[in-house]
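J.: In numbering that gives the first Met the number 0, the protein residues as written are 0 to 161.
Glycine included, every Cβ here is placed at the ideal spot set by N, Cα and C.
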Amino acid sequence: MAMKKIDLSKVIAVGHRDRDNILEVLVEQDNEYEYMEVPAPYAAYSGLRDLADALDPDVIPIRARPIQLPAATTDPDVSDTVTDSIVASPIDIDMRPVRSTMASAVGYNQEQQVLQIEFKNGAIYQYEDVEPETWNDFWGSDSIGIVFNEAIRGHYASKRCK
């Protein structure tokens, strides 16, 4: 088997546009973001996600969703694929401490159906439109990390709060 050394340290986020098999890549160079498109099957995107998980299972998930980019960005396609920056006003949610290798605390606002997770690295994310049943499965699980990876990560829009 031949192997090649690669440096992915400048890759900020990846996504996949299924309709035309495009791997979308956000790269940071010299404090500027560059959006790139590379023809690639979904398996390439899936493999990159699996690799990131294998290297550090406590890394915060990246969820593609629209955001406002700095004024220097003029490509309208970019705003449809880039991950969230930290939001200014998260919903206030009471947090409960948990024993997990993934998270230190979780909380849920049933009225607004928002799940909040404080990850071990201190980052806090909120997941929108999470049904009460999913919250109950998550909270009642022996392993919230497994439920998170199978039922929440990639299934709900998210925003970083801290």
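Would you list the residues sitting across from residue 189 in a DSSP beta bridge?
T.: For the chain, the structure presents residues 0 to 161; residue 189 sits outside this window and is missing.
J.: How big is the Cα-Cα spacing for residue 101 and residue 51?
T.: Counting from 1 along the sequence shown, the entry for residue 101 is found at position 102. Counting from 1 along the sequence shown, the entry for residue 51 is found at position 52. Roughly 14 Å between the two C-alpha positions.
J.: What does a CB cutoff of less than 7 Å around residue 40 pick up in its chain, not counting 5 residues either side in sequence?
T.: Here residue 40 is taken as the residue at index 41 of the sequence shown, counted from 1. The residues are 20.
J.: Relative to the C-alpha of residue 125, which candidate in 35, 156, 29 and 2 has its C-alpha closest?
T.: Counted from its first residue, the sequence shown places residue 125 at position 126. Looking at the Cα atoms, 156 is the closest of the given residues.
J.: Are there 16 or more other CB atoms within 10 angstroms of the CB of residue 121, so buried, or fewer, so exposed?
T.: Position 122 of the sequence shown, counted from the first residue, corresponds to residue 121. Under this definition residue 121 is an exposed residue.
J.: In the DSSP assignment, find the alpha helix (DSSP H) that holds residue 46 and state where it starts and stops.
T.: Taking the sequence shown and counting its residues from 1, one reaches residue 46 at position 47. Unbroken alpha helix (DSSP H) run through residue 46: 41 to 54.
J.: Quick one: what's got a C-beta closer than 7 Å to residue 99's C-beta in the same chain, skipping five residues either side?
T.: Taking the first residue of the sequence shown as 1, we reach residue 99 at position 100. Counting only Cβ-Cβ distances below 7 Å, and skipping sequence neighbours, we find 143 and 144.
J.: Hey, how far is the Cα of residue 123 from the Cα of residue 159?
T.: Residue 123 sits at position 124 when you count from the first residue of the sequence shown. Residue 159 sits at position 160 when you count from the first residue of the sequence shown. Residue 123 and residue 159: Cα-Cα distance of roughly 6 Å.
J.: Looking only at its chain, what residues have a beta carbon closer than 6 Å to the beta carbon of residue 107, apart from the 5 residues adjacent to it on each side?
T.: Here the question's residue 107 lines up with position 108 in the sequence shown. Closer than 6 Å at the Cβ level, and outside the excluded window around residue 107, lie 114 and 134.
J.: Is it right to say residue 54 is buried, meaning 16 or more other beta carbons lie within 10 angstroms of its own, or is it exposed?
T.: Here the question's residue 54 lines up with position 55 in the sequence shown. Exposed, by the Cβ-count rule.
J.: Based on Cα-Cα distance, which residue from 130, 140 and 48 lies nearest to residue 12?
T.: Position 13 of the sequence shown, counting from 1, holds the residue named residue 12. Selected option, being the one with the closest Cα: 48.
J.: Just the C-alpha distance for residue 127 and residue 44, rounded to the nearest angstrom, thanks.
T.: To locate residue 127, count along the sequence shown from 1; it is residue 128. To locate residue 44, count along the sequence shown from 1; it is residue 45. Approximately 23 Å between the Cα atoms of the pair.
J.: Take the Cβ of residue 154 as the centre, count every other Cβ of all protein chains shown within 10 Å, and call the residue buried at 16 or more, exposed below.
T.: Here residue 154 refers to the residue found at position 155 when the sequence shown is read from its first residue. Exposed, because fewer than 16 other Cβ atoms sit within 10 Å of the Cβ of residue 154.
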